[in-house]
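Down below is the structure, laid out as structure tokens.
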Amino acid sequence: MRFAFLVRDFRAVDAEPRASLARDHVAGNEREVRAVSRHKAISAAYNAKLLPNRTARFHGGSVTQRSMLFSAIAAAVLSFAASPRAGAELTPGTPAPDFAGNHAWFNSRPLSLKNELKGKVVLVDFWEYTCINCIRTLPALKRIYSRYKPYGFEIIGVHAPEFDFAYKPENVSIGTRRQHIPWPVVVDSDFSIWRAYDSNSWPNKFLIDSRGIISRYHAGEGAYAELERQVREELKKANPKVTFPSTWVIPPDSSDFDPIRCGSMSEETYVGASRGTRWGGEIGNREGYQPGKAVLYASVPRQVKRGFFAHGLWKNNPDDFEHGRSGTPPKDYVGMRYHGHEVYVVMNLKSGTTSRVYV
1 MRFAFLVRDF
11 RAVDAEPRAS
21 LARDHVAGNE
31 REVRAVSRHK
41 AISAAYNAKL
51 LPNRTARFHG
61 GSVTQRSMLF
71 SAIAAAVLSF
81 AASPRAGAEL
91 TPGTPAPDFA
101 GNHAWFNSRP
111 LSLKNELKGK
121 VVLVDFWEYT
131 CINCIRTLPA
141 LKRIYSRYKP
151 YGFEIIGVHA
161 PEFDFAYKPE
171 NVSIGTRRQH
181 IPWPVVVDSD
191 FSIWRAYDSN
201 SWPNKFLIDS
211 RGIISRYHAG
221 EGAYAELERQ
231 VREELKKANP
241 KVTFPSTWVI
251 PPDSSDFDPI
261 RCGSMSEETY
271 VGASRGTRWG
281 GEIGNREGYQ
291 PGKAVLYASV
301 PRQVKRGFFA
311 HGLWKNNPDD
321 FEHGRSGTPP
331 KDYVGMRYHG
341 HEVYVVMNLK
351 SGTTSRVYV
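Residue numbers 1 to 359, in full-length UniProt numbering, belong to the letters of the sequence shown in order.
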């Protein structure tokens, strides 16, 4: 199996250390592992709650995955809230670019700021269906959307892919349905909308007023209360007579991640002969990365601070590690040392079958 390990989210533990093992069919348990093997896409979110500074090992079955989670974790990305790589260039007061280009749309026919969306208050949300940071924004966005859509508010989700399988519209469609996203989603696999907005992080949000001018920009998670207040303000500017139910309380922002109380978490970790070396994914085995080769990792590894170690046969693809054996599940694995509370992994099935992953 291929694991585009992107151990995406290790939250710091703030309670007594707890350890648990999760064992699921990659395409069978909707609770912990979500997979769509027929489209070769798997987005797995593990609520592992493992001990901080412990070693996690992921044993792969007989199917190749694009991103191995270290066998099941390697291509996993550890991602944490409020970690945008940089801010966008477009600032409040700038006219918002339209959604030009020949893009696939879901939940709607193609829309334009100059036509169908003219006069509306629009939130342009750059997201990616495997991105845990984006997924964590959805409950707040759904609440805001359900409240204010009848008053002239719209959200346009602009899906910009991070991994190769996320370029496919059919996989974006599956990810959109899986998350029960009700607003229109445009597939920006050529990054034309992304570039027009000078976006460079997931998630990234631009609020556009009824005149088509950007009134607010926010990168990363959080600030939902401020977003809702500004949505209300822009709707009132567009229609001074509008009133909202007095029972609608804007909930304060809260976070269960407190670095002072919980301690720091492990950083994002990518696996792959190219991606791993670019974005921080040191391999602890002396065999090292060998681009394009299937490597039998047999040495006793160093347990590196930011990276992973492997055991068994793994093909070193540019963006992931691919399990090199088939048939009876071997004892091959990929592991890592980490500090955190939850493990989020991105994986992909190369073949049309399912696989069992042990965490």
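From the three backbone atoms N, C-alpha and C, an ideal C-beta is built for every residue, glycine too.
Predicted model only: the values in this text are computed from it and were never measured.
Between the beta-carbon of residue i and the beta-carbon of residue j, is there less than 8 Å?
i: Ile214; j: Leu90; result: yes
i: Gly281; j: Arg302; result: no
i: Gly119; j: Ala238; result: yes
i: Pro184; j: Trp105; result: yes
i: Ile193; j: Val158; result: yes
i: Val271; j: Phe308; result: yes
i: Gln179; j: Leu138; result: yes
i: Ile156; j: Leu111; result: yes
i: Phe321; j: Val334; result: yes
Going straight from the alpha carbon of residue i to that of residue j, what length do you get?
i: Asn316; j: Ala298; result: 15 Å
i: Ser201; j: Gly288; result: 30 Å
i: Pro330; j: Val359; result: 15 Å
i: Val121; j: Lys236; result: 10 Å
i: His339; j: Met265; result: 5 Å
i: Arg275; j: Pro318; result: 6 Å
i: Leu113; j: Asp98; result: 6 Å
i: Tyr344; j: Gln290; result: 26 Å
i: Glu221; j: Asn171; result: 24 Å
i: Leu296; j: Leu313; result: 4 Å
i: Val186; j: Tyr217; result: 19 Å
i: residue 360; j: His341; result: Since the first residue of the chain shown is 1 and the last is 359, residue 360 is not available in this structure.
i: Arg229; j: Trp248; result: 11 Å
i: Asp164; j: Gly324; result: 20 Å
Can you tell me whether residue i is helix, strand or coil according to DSSP?
i: Asp125; result: strand
i: Gly281; result: coil
i: Tyr197; result: coil
i: Ile155; result: strand
i: Leu111; result: coil
i: Lys241; result: coil
i: His339; result: coil
i: Glu322; result: strand
i: Tyr289; result: coil
i: Pro169; result: helix
i: Thr269; result: strand
i: Lys120; result: coil
i: Leu141; result: helix
Please list, in chain order, all residues of the same chain as residue i whose beta carbon is under 8 Å from its beta carbon, the five residues on each side excluded.
i: Ala225; result: Ile250, Pro251, Pro252 and Asp253
i: Val231; result: Val121, Leu123, Ile144, Tyr148, Phe153 and Leu207
i: Pro95; result: Gly212, Ile213 and Ile214
i: Val304; result: Glu282, Ile283, Gly284 and Arg337
i: Lys293; result: Lys315 and Asn316
i: Ser246; result: none
Just to confirm my understanding: we take residue i, look at its own chain, exclude 5 residues before and 5 after, and list those with CB closer than 7 Å. What are they?
i: Pro161; result: Glu128, Tyr167 and Ser189
i: Val242; result: Tyr151, Leu235 and Lys236
i: Pro92; result: Ile214, Ser215, Arg216 and Tyr217
Within its chain, find whatever has a CB closer than 6 Å to the CB of residue i; leave out the 5 residues flanking it on each side and keep chain order.
i: Ala196; result: Pro97
i: Thr176; result: Phe106 and Val185
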